[in-house]
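Take 1 as the starting number for the sequence shown in the UniProt record's numbering and just add one per residue. All residues carry an ideal CB built from backbone N, CA and C; glycine is no exception. As the structure is a prediction and not an experimental result, all values here were calculated from the model.
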Amino acid sequence: MIIEGFGLPQQYNLDIEELNNSNDSRMTRYLLPEQNKDLEIALVPHTDKGTLSIICHNEVQGLEILPKTGEWVDVVIPPNGYIVLVGDMLKAWSNGRFVAPIHRVVTKGDKERLAFILFTVPKEDMTIKAPSELVDDENHPLRYRPFKYEDFINFHYSTRTEKGVLEEFAGL
1 MIIEGFGLPQ QYNLDIEELN NSNDSRMTRY LLPEQNKDLE IALVPHTDKG
51 TLSIICHNEV QGLEILPKTG EWVDVVIPPN GYIVLVGDML KAWSNGRFVA
101 PIHRVVTKGD KERLAFILFT VPKEDMTIKA PSELVDDENH PLRYRPFKYE
151 DFINFHYSTR TEKGVLEEFA GL
């Protein structure tokens with residue numbers, strides 16, 4: 001669907017398959033805020049480092065996204081629904097045409113938030129490189145140098161920073 005949406009040749013299907021090479025799943029329990037606190041940050045602002053993240057939860061809201069306006073916005077996941085977030089690898093591969101949103105989780109109220117998250121990640125030795133068809137000098141200059149996923153992850157863990165890792169590591 002991504003290949004067709006960009007009007008790319010079918011040869012890029014292999015890239016998409018490699019970008020989604022393996023899955024990691026996690027069940028996360030977000031603790032309630034301390035007494036007398038209306039809101040507590042349970043997961044610091046970050047972008048997801050893989051390709052895609054699929055999130056479903058126990059209907060206790062708390063996911064927030066930081067748009068360009070600079071003010072946090074609640075993401076309401078409907079009952080029995082889920083949300084898909086773009087990760088840094090799909091952002092880099094698409095030359096920034098997909099956006100990996102900065103997001104966080106906050107806890108409030110008196111119910112614990114439970115979330116099941118499925119992360120898709122590339123092969124460690126995959127070189128992340130935007131297709132030439134998604135790069136042009138006028139409207140879409142190359143935004144990220146080609147890089148290996150493993151090198152990106154190692155950089156992320158060595159810097160211990162959450163926001164702006166992709167731009168710092170591979171941005172042009």
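With 16 as the cutoff for other CB atoms within 10 Å, does residue i come out buried or exposed?
{"i": "T161", "result": "exposed"}
{"i": "S158", "result": "exposed"}
{"i": "T127", "result": "exposed"}
{"i": "S94", "result": "buried"}
{"i": "T120", "result": "buried"}
{"i": "G62", "result": "buried"}
{"i": "G96", "result": "buried"}
{"i": "T69", "result": "exposed"}
{"i": "V165", "result": "buried"}
{"i": "V105", "result": "buried"}
Quick one, are the C-beta atoms of residue i and residue j less than 8 angstroms apart?
{"i": "T47", "j": "I102", "result": "yes"}
{"i": "S53", "j": "I117", "result": "yes"}
{"i": "A115", "j": "I55", "result": "yes"}
{"i": "K49", "j": "D88", "result": "yes"}
{"i": "F98", "j": "L90", "result": "yes"}
{"i": "I3", "j": "Q10", "result": "yes"}
Can you give the beta carbon distance from residue i to residue j, rounded, assuming they're within the 8 angstroms contact cut?
{"i": "P146", "j": "K129", "result": "4 angstroms"}
{"i": "E112", "j": "L32", "result": "6 angstroms"}
{"i": "L122", "j": "L19", "result": "A quick correction: the sequence has Pro, not Leu, at residue 122. 5 angstroms between Cβ atoms; contact."}
{"i": "E40", "j": "T107", "result": "5 angstroms"}
{"i": "V73", "j": "P67", "result": "6 angstroms"}
{"i": "Y144", "j": "A92", "result": "4 angstroms"}
{"i": "V75", "j": "E64", "result": "6 angstroms"}
{"i": "E124", "j": "E150", "result": "4 angstroms"}
{"i": "F6", "j": "L172", "result": "Contact doesn't hold; Cβ gap of about 20 angstroms is too wide."}
In this structure, what does DSSP give as the bridge partners for residue i?
{"i": "T127", "result": "K148"}
{"i": "G171", "result": "Y144"}
Is there a Cβ from chain E that is less than 8 angstroms from the Cβ of residue i?
{"i": "H156", "result": "Among the chains of the structure shown, chain E does not appear; only one protein chain is present."}
**Request:** At 3 residues or longer, and completely inside the UniProt domain "Fe2OG dioxygenase" (21-122): list those beta strand (DSSP E) runs for me, N to C.
**Result:** 22-30, 40-46, 52-57, 63-66, 83-86, 102-107 and 113-121
**Prompt:** Fully enclosed by the region 135-159, which alpha helix (DSSP H) runs are 4 residues long or longer?
**Reply:** 149-159
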